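First comes the structure, then the notes that go with it.
Numbering (my numbering), first residue to last: 22 to 388.
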């Protein structure tokens, strides 16, 4: 059996260090916003190449707090529109709504499954104040084009980097440092995963960083003094300690993912399977390896028969969710086609050559 992802095996590599960290954490008596959070914030900011990192509770809160931070000092206001790709995880849209802003969904194109840039430009109005660029499946959004458009229209650009830890553009700038701010998730299955919920914001904007530090902690500017109506979304001290142990191995793990992806792309030869587009650069860290097939149920059964796990990212588009009834009259043909055909197959740094070769043979035998 090859599971879609084996978190036990992934984290087993760090077991001795984790146990040592936990014992030290337990003995410290300092469990909230302690030294490990401060150290991880410094280390992750340095890794991404930014001035500030603020640890928060999860990836959804990271995006929400960026938007609320801009609202706090007047760069955004309630009711402003934010453009976001229609093909994304629901958290991206939830963050916009929870911040009191209005999500404007943009159709996706059929190669990278990201923004249709022509559609993106056409939907900008006087109400539009920001764009959230989603680095879907670990592949950078077309940031040069998005940033150029945003500069022309004076819009904020925010990265949803929840799946793209370590992805790098052609001049060496990492996800998290490509726009005005970025939200990260360290959900356990991410390329840099905690052992529970965790997230972070990265930015070079000191005013934004200061606001988010207050907003994540009930809006406090000092103990029992509340400057904003904030929330409780602090990076857990223990999760920060564990992430510090894993961060030095992120680039090596990403490289292993890339090597596996290259094998899939080189050796899978099956006209019934559409492989992902890849530039063979470091702009894709393959959080997921997502293929497309016309008869998805048949394909999944084929993999099940060979005892290989799969997942679907994502089976229901945001505009089709019951929670977003205001979008129910909208149609995004490309997004809907993508949602009906995509399947994610195993890709993780602990897959053996034998596993990878078996997955390739199983892909090639599908008909």
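Idealized CB from N, CA, C, for every residue including glycine.
From a predicted model like this one, the values you see are computed outputs, not experimental measurements.
- Task: Let me know the secondary structure DSSP gives residue 109 once reduced to three states.
- Result: Against the chain shown, residue 109 aligns to sequence position 88. Of the three classes helix, strand and coil, the one that applies to residue 109 here is coil, per DSSP.
- From 295, 304, 303, 289, residue whose alpha carbon lies closest to that of residue 396: Beyond the ends of the chain as shown, which are 22 and 388, falls residue 396; an answer cannot be given.
- Message: Does the stretch 253-267 come into contact with the stretch 66-81, if we say contact requires no fewer than three beta-carbon pairs (one atom in each stretch) closer than 8 Å?
- Response: Touching, yes, given that three or more Cβ pairs across the two stretches are closer than 8 Å.
- Identify, in the order they occur along the chain, each residue of the same chain with its Cβ nearer than 6 Å to the Cβ of residue 136, setting aside the five sequence neighbours on each side. One-based indexing of the chain shown puts residue 136 at position 115. Contacts found: 106, 127.
- May I ask which residues mark the beginning and end of the alpha helix (DSSP H) holding residue 304? In the chain shown, residue 304 corresponds to position 283, counting from 1. Neither: residue 304 is in no alpha helix (DSSP H) and is coded neither H nor E.
- Roughly how many angstroms lie between the CA atoms of residue 248 and residue 62, to the nearest whole one? For this step, residue 248 is matched to residue 227 along the chain shown. For this step, residue 62 is matched to residue 41 along the chain shown. One Cα belongs to residue 248, the other to residue 62, and the distance between them is close to 23 Å.
- Item | Beta-carbon proximity check, residue 125 vs residue 149, cutoff 8 Å | Here the question's residue 125 lines up with position 104 in the chain shown. Here the question's residue 149 lines up with position 128 in the chain shown. Their beta carbons are under 8 Å apart, which means residue 125 touches residue 149 by this criterion.
- Query: What distance in whole Å lies between the Cβ atoms of residue 184 and residue 158, which are believed to be in contact at a cut-off of 8 Å?
  - Reply: Mapped onto the chain shown, residue 158 falls at position 137. Mapped onto the chain shown, residue 184 falls at position 163. Distance from residue 158 to residue 184 at the Cβ level is roughly 6 Å; contact confirmed, criterion being Cβ atoms closer than 8 Å.
- Message: Rounding to the nearest angstrom, what Cα-Cα distance links residue 177 and residue 325 in this structure?
- Response: One-based indexing of the chain shown puts residue 177 at position 156. One-based indexing of the chain shown puts residue 325 at position 304. The straight-line gap from Cα to Cα measures roughly 44 Å.
- Is residue 373 helix, strand or coil when you go by DSSP? Within the chain shown, residue 373 is the residue found at index 352, counting from 1. In the structure shown, residue 373 sits in coil (DSSP, three-state: anything other than H, G, I, E or B).
- Using CA coordinates, which residue listed in 91, 298, 381 is at the minimum distance from residue 226? Here residue 226 refers to the residue found at position 205 of the chain shown. The alpha carbon of residue 226 has as its nearest neighbour, out of 91, 298, 381, the alpha carbon of 91.
- With distances taken between CB atoms, is the gap from residue 223 to residue 207 smaller than 8 Å? As a working mapping, residue 223 is identified with position 202 in the chain shown. As a working mapping, residue 207 is identified with position 186 in the chain shown. It is not a contact, given that the beta carbons lie outside the stated cut-off.
- Message: Quick check: the stretch 260-278 against the stretch 363-382, are at least 3 beta-carbon pairs closer than 8 Å?
- Response: At 8 Å Cβ cutoff, the stretches touch.
- Query: Any idea if residue 132 is buried or exposed, counting beta-carbon neighbours within 10 angstroms, 16 or more meaning buried?
  - Reply: As a first step, residue 132 must be located in the chain shown, where it is residue number 111. By the neighbour-count rule (16 or more Cβ atoms within 10 Å), residue 132 is not buried but exposed.
- Bounding residues of the alpha helix (DSSP H) (the contiguous stretch that carries residue 65): Position 44 of the chain shown, counted from the start, is the residue given in the question as residue 65. Note, residue 65: alpha helix (DSSP H), 56-69.
- Query: Going by DSSP, what residues sit across from residue 129 in a beta bridge?
  - Reply: In the chain shown, counting from the first residue as 1, residue 129 sits at position 108. As computed with DSSP, residue 129 is found in a beta bridge with 136.
- Message: If I measure Cβ to Cβ from residue 66 and keep anything under 7 Å in the same chain, skipping five residues before and after, which residues do I get?
- Response: Here residue 66 refers to the residue found at position 45 when the chain shown is read from its first residue. For residue 66, where only same-chain residues beyond five positions count, the Cβ hits under 7 Å are 72, 73, 74, 223.
- Member of 35, 203, 317 whose CA lies at the smallest distance from the CA of residue 186: Here residue 186 refers to the residue found at position 165 of the chain shown. Comparing C-alpha distances from residue 186 to each of 35, 203, 317 shows the shortest one belongs to 203.
- Message: By alpha-carbon positions, which one of 303, 349, 68, 88 ends up nearest to residue 192?
- Response: For the purposes of this step, residue 192 is taken as the residue at position 171 of the chain shown. For residue 192, the closest C-alpha among the options 303, 349, 68, 88 is that of 303.
- Task: Answer with buried or exposed for residue 188, where buried requires no fewer than 16 other C-beta atoms within 10 angstroms of its C-beta.
- Result: Numbered from 1 along the chain shown, position 167 holds the residue referred to as residue 188. It is buried - the Cβ of residue 188 has at least 16 other Cβ atoms within 10 Å.
- Return helix, strand or coil for residue 289, following the three-state DSSP convention. What you label residue 289 is simply residue 268 of the chain shown in a count that begins at 1. Note: residue 289 maps to coil in three-state DSSP.
- Task: Taking residue 331 and residue 366 to be in contact with their CB atoms under 8 Å, please state how far apart those CB atoms are, rounded to whole angstroms.
- Result: In the chain shown, the residue the question calls residue 331 occupies position 310. In the chain shown, the residue the question calls residue 366 occupies position 345. For residue 331 against residue 366, the beta-carbon gap comes to about 6 Å, under 8 Å, which counts as contact.
- Task: Report yes or no: do the stretch 37-51 and the stretch 260-271 share at least 3 C-beta pairs separated by less than 8 Å?
- Result: Enough Cβ pairs lie closer than 8 Å, so yes.
- Task: Please state whether DSSP places residue 316 in a helix, a strand or coil.
- Result: For the purposes of this step, residue 316 is taken as residue 295 along the chain shown, with counting starting at 1. Coil, per DSSP.
- Please work out which residues of its chain come closer than 7 Å, Cβ to Cβ, to residue 384, disregarding the five sequence neighbours upstream and downstream, and give them in chain order. Position 363 of the chain shown, counting from 1, holds the residue named residue 384. Once the five neighbours on either side are set aside, the close Cβ partners of residue 384 are 289, 291, 294.
- List the endpoints of the continuous beta strand (DSSP E) containing residue 181. The residue labelled residue 181 in the question sits at position 160 within the chain shown. Annotation: the continuous beta strand (DSSP E) that includes residue 181 extends over 177-181.
- Task: Tell me where the alpha helix (DSSP H) around residue 31 begins and ends.
- Result: Position 10 of the chain shown, counting from 1, holds the residue named residue 31. It spans 28-33 - the alpha helix (DSSP H) in which residue 31 sits, taken as one unbroken run.
- Beta carbon of residue 267, beta carbon of residue 35: below 8 Å? For the purposes of this step, residue 267 is taken as residue 246 along the chain shown, with counting starting at 1. For the purposes of this step, residue 35 is taken as residue 14 along the chain shown, with counting starting at 1. Taking the C-beta atoms as reference points, residue 35 is found nearer than 8 Å to residue 267.
- Classify residue 162 as buried or exposed, calling it buried when 16 or more other Cβ atoms lie within 10 Å of its own Cβ. For the purposes of this step, residue 162 is taken as the residue at position 141 of the chain shown. Flag for residue 162 reads buried.
- Message: Quick check on the burial criterion: 16 or more other C-beta atoms within 10 angstroms. Buried or exposed for residue 339?
- Response: The residue labelled residue 339 in the question sits at position 318 within the chain shown. By the neighbour-count rule (16 or more Cβ atoms within 10 Å), residue 339 is buried.
- N-terminal and C-terminal residue of the alpha helix (DSSP H) that residue 223 is part of: The residue you call residue 223 lines up with position 202 of the chain shown. No alpha helix (DSSP H) contains residue 223, which is instead part of the beta strand (DSSP E) from 220-224.
- Task: Return yes when the Cβ of residue 194 is within less than 8 Å of the Cβ of residue 70, no when it is not.
- Result: Position 49 of the chain shown, counting from 1, holds the residue named residue 70. Position 173 of the chain shown, counting from 1, holds the residue named residue 194. Contact: yes.
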